[in-house]
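Enquirer: Top line first, the protein sequences correspond to chains A and B.
Oh and the first sequence: position 76 is 75 in numbering that gives the first Met the number 0, straight run, nothing missing.
Oh and the second sequence: position 98 is 97 in numbering that gives the first Met the number 0, straight run, nothing missing.
Note that beta-carbon positions come from the ideal geometry of N, C-alpha and C, so glycine has one too.
Computed from a predicted model, the values in this text were never measured in an experiment.
Let me give you the structure first, and then I'll get to my questions.
Number of protein chains: 2
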Amino acid sequence: MQNSEAMALSAALLAVAGELTHRINEGVVARGFEGVRPAHGFAFARLAPGGATVTDLAAHLGVTKQAASQLVDEIVRKGYAERRPHPQDARARLVVLTEQGWACTRAAEEAAAEAVGAWVELLGEGEMSVLRDQLARIAPHGPLRPAW
Amino acid sequence: MQNSEAMALSAALLAVAGELTHRINEGVVARGFEGVRPAHGFAFARLAPGGATVTDLAAHLGVTKQAASQLVDEIVRKGYAERRPHPQDARARLVVLTEQGWACTRAAEEAAAEAVGAWVELLGEGEMSVLRDQLARIAPHGPLRPAW
DNA sequence: ACCGGTTGGTCAAGCAGATTGACTATAGGA
DNA sequence: TCCTATAGTCAATCTGCTTGACCAACCGGT
C-alpha cells in the first residue's frame, strides 16, 4: 500500500471517529443529560460492570490518577456516580454508577445505535457486520486515548 | 442491530482511532520532528495542497479562528510553515508549508503506512481494501473533530 | 510483630490549548 | 460613498490535565 493511501485511510478513519463521538454526545445531550462530555462516556463504560477504582479508571483512560479523580469529582457532583468504601481495600474507594448514571449510559447506547444506523443505510447489513468484525480484530487492548 | 452491539462497534472504532493517532504521532517524533502534536498533522493536511487562510483552517479543524491562529503561530515558530500575504485579499494571509513542513508531512505518511501495515497482517490485503472502501463511504464531509 | 517498600488517593500549583469579547483593516455590494 | 460582512489579531479567562508532595493502608520478608 502506498503511503498516500495509508494517509487517506487514516484520515477517513479519524474523521469517522470524530463524527461518531460528536453524534453520540449530541444524542446524549438531546436526551436531557446536560454537562456531559465524551470522556465521561468512556468512564461510564469502565464503571458499568461493577464499579472501578480511580486508579483503574486512570489506566483505562490513559491519564494520571489525579485527572481521573477530578473527572470522578465531576460526575459525582452531577449525580452520575458515587464513591463507596472498597469492600476489600480500605485505601481504595469504589466508584459506582447511580441510577442516573445508568440512564445516561442507556442514552449513549441509543445515540450510538442511531449514529451507527446511518452507516447501515450506506453500507447495508452485510457489510456492516464485516466492518464490525474487522474493527474488533484490529482494536488494541491498551488504554483508550483521546484522538488528538 | 442491538444498542449494545452499536456501542461495542463504537468503542472498537474509537479505540482504533486513538491508537492510530498515537502511533502516527510516535512515528513522526521518532523520525526527528519534535514538538509536533497530532492536531498539527491535520493542519498540515489542509495546508498541503497550496496553503490556506487561518479562517479555512479554523473551519477545517472545527475550532475558533483564534485557536487556529495560535496553532499557526506555533508551527510558524517551529519552522513548519510561514505566513505570506494573500494574492487576492489584502486582509487575509496565506499560510503555506515550508520545506520542513513538507518533510514532516512525508514522515507522517510513512508513520501512517507503518501503523496501517500492522492491520494488513491481521486482516490481509483483500479485507484491507474492503475496509478502506467502507470507511471512505461513511466518512463525513464536515470539520475534523477531536475524538474527545 | 514489625518494618520498609509499594500502592490508592488527595491536595496544591502550574501549564497548555481553547474560548469569549473587543477591536482594526479590508472587501464588496446597494 | 456608505454600510455591512469578513480576515485577522490582542487580551483575558476557563477548563482539563500534568507534575510534585504528601498521607494512609496494604503486604512481603524477617
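If you draw a straight line from the alpha carbon of R144 (chain A) to that of E4 (chain B), how long is it in whole angstroms?
Expert: 21 Å
Enquirer: Closer than 9 Å, Cβ to Cβ, to anything on chain A: give me those residues from the segment 83 to 94 of chain B, in chain order.
Expert: none
Enquirer: Tell me the residue span of the beta strand (DSSP E) that contains E113 (chain A).
Expert: Taken as a continuous stretch (DSSP letters only), E113 (chain A) belongs to no beta strand (DSSP E), being part of the alpha helix (DSSP H) at E98 to I137.
Enquirer: Rank A:S9, A:G17 and A:I74 by C-alpha distance to the C-alpha of G100 (chain A) and give the top, closest one.
Expert: A:I74
Enquirer: Under 7 Å, CB to CB, which of the residues in the segment 122 to 134 of chain B have a partner in chain A?
Expert: L122, E126, V129, L130, R131, Q133 and L134
Enquirer: Classify V53 (chain A) as helix, strand or coil using the three-state DSSP reduction.
Expert: helix
Enquirer: Under 9 Å Cβ-Cβ, which residues of chain B neighbour S68 (chain A)?
Expert: Simply none; closest approach about 18 Å.
Enquirer: From A:G34, A:E113 and A:H39, pick the residue whose C-alpha is nearest to that of A67 (chain A); which is it?
Expert: A:H39
Enquirer: Tell me the DSSP bridge mates of V95 (chain B)?
Expert: Per DSSP, B:E81.
Enquirer: Compare the C-beta of G34 (chain A) against all C-beta atoms of chain B and say whether one is closer than 7 Å.
Expert: no
Enquirer: For a contact meaning CB atoms closer than 7 Å, what does W118 (chain A) contact in chain B?
Expert: Neighbours of W118 (chain A) on chain B, chain order: I137.
Enquirer: When the cut-off is 7 Å and only beta carbons count, does E81 (chain B) lie next to chain A?
Expert: no
Enquirer: For L93 (chain A), collect the residues of the same chain with a Cβ closer than 6 Å to its Cβ; drop the 5 residues on either side in sequence, then sort them by chain order.
Expert: G50, R83 and H85
Enquirer: To which residues of the same chain is L19 (chain A) closer than 7 Å at the C-beta, ignoring the five residues directly before and after it?
Expert: Cβ within range, chain order: A114.
Enquirer: Check each candidate in A:A138, A:V119, A:Y79 and A:G125 and name the one with the smallest Cα separation from F32 (chain A).
Expert: A:Y79
Enquirer: Would a check of beta-carbon distances place A11 (chain B) closer than 7 Å to chain A?
Expert: yes
Enquirer: Who are the neighbours of R144 (chain B) on chain A, taking C-beta pairs under 8 Å?
Expert: G17, E18, T20 and H21
Enquirer: Are the C-beta of L56 (chain A) and some C-beta of chain B separated by less than 7 Å?
Expert: Using a CB distance cut-off of 7 Å, L56 (chain A) does not count as an interface residue toward chain B.
Enquirer: Apart from the five residues just before and just after V27 (chain A), which ones in its own chain have a Cβ nearer than 7 Å to its Cβ?
Expert: V35, C103, A106, A107 and A110
Enquirer: With DSSP run on the structure shown, which of helix, strand or coil describes E33 (chain B)?
Expert: coil
Enquirer: Identify which residue in A:V15, A:E124 and A:V129 has its Cα closest to the Cα of G125 (chain B).
Expert: A:V129
Enquirer: Have a look at N24 (chain A) and A42 (chain B) and give me their C-alpha separation to the nearest angstrom.
Expert: Those two C-alpha atoms are separated by around 24 Å.
Enquirer: Give me the residue from A:Q87, A:A7 and A:G123 with the minimum Cα distance to R131 (chain B).
Expert: A:A7
Enquirer: Kindly indicate which three-state DSSP category V62 (chain B) falls into: helix, strand or coil?
Expert: coil
Enquirer: Taking 7 Å as the limit between beta carbons, can you name the residues of its chain near G61 (chain B), skipping five residues before and five after?
Expert: P142, L143 and R144
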